[in-house]
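*Asks:* Okay, so the sequence shown: first residue is 3 according to my numbering, each after it adds one. A virtual CB, placed ideally from N, CA and C, is assigned to each residue, including glycine. Quantities reported herein were computed from a predicted structural model and do not represent experimental measurements.
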Amino acid sequence: MNEEIITALDLGSSKIFGITGIRRETGIEIIGEETIYPTEEVIKKGRIIDMEGVTNYVYEVFGSLKSQTGERIERVILGIGGGFIKGRVYSKEIDIEPKGRAIENTDLQNLKREIKKIALSQVDSDQEILHILPQQYKIDGANTTQKDPVGLHGNKIEGKLHVLLSQKNPLKDIINCIKNAGAEVEAVYPHSWAVSESVLTEEEKKLGCLVIDFGKGTTDIALYIDNKLVISDSYRVGGGNIDLDLSIELHTSLNFAEELKKNYGWCNYKNLIKGRQPFLNQKVEIITLSGKIKQQTTVEKISKVVYERVKEIFQDIILKDVKQEPLFSTIGAGIIISGGSSKLKGLLQLSNEIFNQPTRLGIPKKMLGIEEYFRKPEFACGIGLLLLTPKREKKLPWWLKIKEKIENCFY
């Protein structure tokens, strides 16, 4: 094929999802998808705990994609979470010398370099910068622009840049697994950025919104205000914590606890209690850890456990974090929840109450060639990774490069 082939890989705690597309002038067409649900724990809360196991599963995903597309998977776009990434906005003002001249690219590079120093000085030495996104520039303390300020005149320039940092070692482990499976990592993006690209409209980013990627092992967020990414974060808690809570409370296996959560757990438990909903008294049979003894609980008891853990994640962790941004209360497009744990009963209603904002489910955008099965919140990250990927620069043959250099000498 002559078209540009792109493959994205989402390594989650409960699934490994690979998706391949062709970039065309009209957009990206999906030509291959594969999901594997590991039978044993190889990734825990976004971090590799079994290198060989992950490598084998990724190799299997690549093999399936090759069978579907006829193309060997050589490069991938990687999505990461796992509580080891964090993004914040940093600002710095520098002088333009001589004063009053036009701003040049070198000024922006100097500004970027100074902000890098500030960001790295505030974290441990095991952190590295993955991305720097310009947010806005201010010339002489007054003239503000979100566009490239090169060519404007001034005495000082202040820049606000979103800096994404990652711990080095967890990321190295992931990259090595992919290399061992036969591919190179072309780019790395956080889950929350990819999900945002997949489920948000441009108007929602402009109005301001909070995206929550609620997975099994991790929860990732992205806060947009006035079309600018203000906060990126990842937490090592997710739907799997609810399973553990239920398993301990009801003395049952994690797998059975997960089924109880999905079938009988209501996140808006408090409102249901106030409304005296009769189904809360429904009896539910439980298989204990021995697999033989059966006992009973109620929908109410299951829902109480689910409610308490989700409330902790959304209120005590996420809300506490985003409230550090003074403009959070001004967002106009509300909360968008995606990810594998986003479909819990009553979750949208509980989110409405905690954030005092309207909440909707984040469904991936429709793309040419994609199977309807994959247009679910749990696949939003993988799909979004394809949309985030910039066009690759075409590599010219060596003789054309020489010809181009010679021509540049005369024109």
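In terms of residues, what are the limits of the alpha helix (DSSP H) holding Arg115?
*Replies:* Taken as a continuous stretch (DSSP letters only), the alpha helix (DSSP H) holding Arg115 covers 107 to 123.
*Asks:* Is the beta carbon of Glu35 less than 8 Å from the beta carbon of Glu374?
*Replies:* Cβ atoms of Glu35 and Glu374: not closer than 8 Å.
*Asks:* In chain order, what residues of the same chain have a beta carbon less than 7 Å from the beta carbon of Arg311, not counting five sequence neighbours either side?
*Replies:* Hits under 7 Å: Asn243, Ile244, Asp247.
*Asks:* Quick check on this structure: which residue in Phe64, Glu160, Thr37 has the alpha carbon closest to the alpha carbon of Glu95?
*Replies:* When only C-alpha atoms are compared, the closest one is Glu160.
*Asks:* By the three-class DSSP mapping on this structure, what secondary structure does Phe281 have?
*Replies:* DSSP places Phe281 in helix when its eight states are reduced to three.
*Asks:* Whose CA, out of Gly371, Phe376, Ile356, lies closest to the CA of Gly364?
*Replies:* For Gly364, the nearest C-alpha among the options comes from Phe376.
*Asks:* So what does DSSP say about Met3, is it helix, strand or coil?
*Replies:* Caution applies to Met3, whose pLDDT of 46 falls short of 50 and renders its modelled position unreliable; the model cannot decide the point.
*Asks:* Please classify Ala104 as buried or exposed, where buried requires at least 16 other C-beta atoms within 10 Å of its C-beta.
*Replies:* Ala104 should be labelled exposed.
*Asks:* To the nearest angstrom, report how far apart Lys313 and Val165 are at their CA atoms.
*Replies:* Their backbone Cα atoms lie some 29 Å apart in a straight line.
*Asks:* Once you ignore the five residues that flank Gln297 on each side, which residues in its own chain have a CB closer than 7 Å to its CB?
*Replies:* Around Gln297: Ile288, Thr290.
*Asks:* Measure the C-alpha to C-alpha separation of Ala183 and Thr41 and round it to an integer number of angstroms.
*Replies:* Those two C-alpha atoms are separated by around 19 Å.
*Asks:* What three-state label does DSSP hand Lys441 in the structure shown?
*Replies:* With the chain represented from 3 up to 413, any question about residue 441 goes unanswered, as that position is not in the structure.
*Asks:* Measure from the alpha carbon of Gly240 to the alpha carbon of each residue in Ile339, Tyr226, Asn157, then state which is nearest.
*Replies:* Among Ile339, Tyr226, Asn157, the Cα nearest to that of Gly240 belongs to Ile339.
*Asks:* Can we count Arg362 as close to the ligand FMN, meaning its CB is less than 7 Å from some heavy atom?
*Replies:* No copy of the ligand FMN occurs in the structure displayed, which carries no ligand at all.
*Asks:* Where do the ends of the beta strand (DSSP E) carrying Ile98 lie?
*Replies:* Premise fails: Ile98 is in no beta strand (DSSP E) and is neither H nor E.
*Asks:* How long is the line joining the alpha carbons of Lys276 and Ser331, rounded to whole angstroms?
*Replies:* So the alpha carbons of these two residues sit roughly 28 Å apart.
*Asks:* Span of the beta strand (DSSP E) holding Thr22?
*Replies:* Segment 18 to 26, the beta strand (DSSP E) holding Thr22.
*Asks:* Exposed or buried, what is Asn358 when buried is set at 16 or more other beta-carbons lying within 10 Å of its beta-carbon?
*Replies:* By the 10 Å Cβ count, Asn358 comes out exposed.
*Asks:* Return the chain-ordered ranges of every beta strand (DSSP E) run that is complete within the stretch 246 to 280 and spans a minimum of 3 residues.
*Replies:* If we require 3 residues or more, the stretch 246 to 280 turns out to have no beta strand (DSSP E) run fully inside it.
*Asks:* Report the residue from Ile315, Pro192, Ile227 whose alpha carbon sits nearest the alpha carbon of Leu209.
*Replies:* Nearest of Ile315, Pro192, Ile227 to Leu209, Cα basis: Ile227.
*Asks:* Give me the DSSP bridge partner(s) of Leu202.
*Replies:* Paired residue(s): none; Leu202 is not in a bridge.
*Asks:* Considering only residues of the same chain and omitting the five flanking positions on each side of Leu321, which have a CB-CB separation below 7 Å?
*Replies:* Same-chain partners within the cutoff: Ile356, Phe357.
*Asks:* Assign Lys415 to one of two classes, buried (16 or more other C-beta atoms within 10 Å of its C-beta) or exposed (fewer than that).
*Replies:* Here the chain covers residues 3 to 413 and nothing more, so residue 415 does not appear.
*Asks:* State the Cα-Cα distance for the pair Phe281 and Thr299, rounded to the nearest angstrom.
*Replies:* Going from the Cα of Phe281 to the Cα of Thr299 covers about 13 Å.
*Asks:* Just how far apart, CA to CA, sit Thr361 and Tyr309?
*Replies:* Near 17 Å, if we compare the C-alpha coordinates of Tyr309 and Thr361.
*Asks:* Report the partner residues of Lys347 according to the DSSP bridge assignment.
*Replies:* Lys347 is bridged to Trp268.
*Asks:* Entirely within the stretch 11 to 77 and at least 3 residues each: give me those beta strand (DSSP E) ranges in chain order.
*Replies:* Correct list: 18 to 26, 29 to 38.
*Asks:* Whose CA, out of Gly85, Phe64, Glu206, Pro172, lies closest to the CA of Ile51?
*Replies:* That would be Pro172, whose Cα lies nearest to the Cα of Ile51.
*Asks:* Quick check: the stretch 117 to 124 against the stretch 60 to 72, are at least 3 beta-carbon pairs closer than 8 Å?
*Replies:* Contact fails: fewer than three Cβ-Cβ distances are below 8 Å.
*Asks:* From this set, Gln279, Ile223, Lys347, which residue's C-alpha is nearest Gly89's C-alpha?
*Replies:* Comparing Cα positions, the closest option is Ile223.
*Asks:* Measuring only the C-alpha atoms, how far is Leu163 from Ile134?
*Replies:* Their Cα atoms are separated by approximately 6 Å.
*Asks:* Between Leu212, Leu110, Pro366, which has its C-alpha nearest Ile98's C-alpha?
*Replies:* That would be Leu110, whose Cα lies nearest to the Cα of Ile98.
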